[in-house]
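Visitor: Before we start, here is the structure in question, set down as C-alpha cells.
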Amino acid sequence: MCVRSETKTDVIKTMIEDSKYFGASKQDTVLRLREKFNMTQNQADEVIKEYW
142 MCVRSETKTD
152 VIKTMIEDSK
162 YFGASKQDTV
172 LRLREKFNMT
182 QNQADEVIKE
192 YW
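Adding 141 to a residue's 1-based position in the sequence shown gives its number in the working numbering.
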C-alpha cells in the first residue's frame with residue numbers, strides 16, 4: 142500500500158514538472174490532475190501548491 146502511494150506521488154510530481162516544462166498553466170495542470178487522478182478541485186489545488 143505504501144509503495145503504491147509513493148508511486149502515485151512520483152507520477153503526480155512528474156506530471157507537474159512536465160506541465161511546467163512544456164508551458165502549461167497551473168489551471169490546465171489542475172484540470173489534468175483532476176481528470177487523470179479523479180481529484181476534487183481542492184485536492185488538485187493543494188497538490189499544485191505543494192509541487193509547483
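Ideal placement from N, C-alpha and C gives every residue a C-beta, glycine not left out. Nothing here was measured: the structure is a model prediction, and the numbers come from that model.
1) Sorted by chain position, which residues of the same chain lie with C-beta nearer than 8 Å to W193's C-beta, five sequence neighbours on each side aside?
2) What would DSSP say about A185, mapped onto helix, strand or coil?
3) At which residues does the alpha helix (DSSP H) containing F178 begin and terminate?
4) Hey, how far is the Cα of R175 from the Cα of K149?
Guide: Based on what the coordinates show:
1) By 1-based counting over the sequence shown, the position of residue 193 is 52. The answer, listed in chain order, is I157, K161, K167 and T170.
2) For the purposes of this step, residue 185 is taken as the residue at position 44 of the sequence shown. If DSSP states are grouped into helix, strand and coil, A185 belongs with the helices.
3) Counting from one through the sequence shown, the residue named residue 178 turns up at place 37. Per DSSP, F178 belongs to the alpha helix (DSSP H) from K167 to F178.
4) Position 34 of the sequence shown, counted from the start, is the residue given in the question as residue 175. Position 8 of the sequence shown, counted from the start, is the residue given in the question as residue 149. R175 and K149: Cα-Cα distance of roughly 14 Å.
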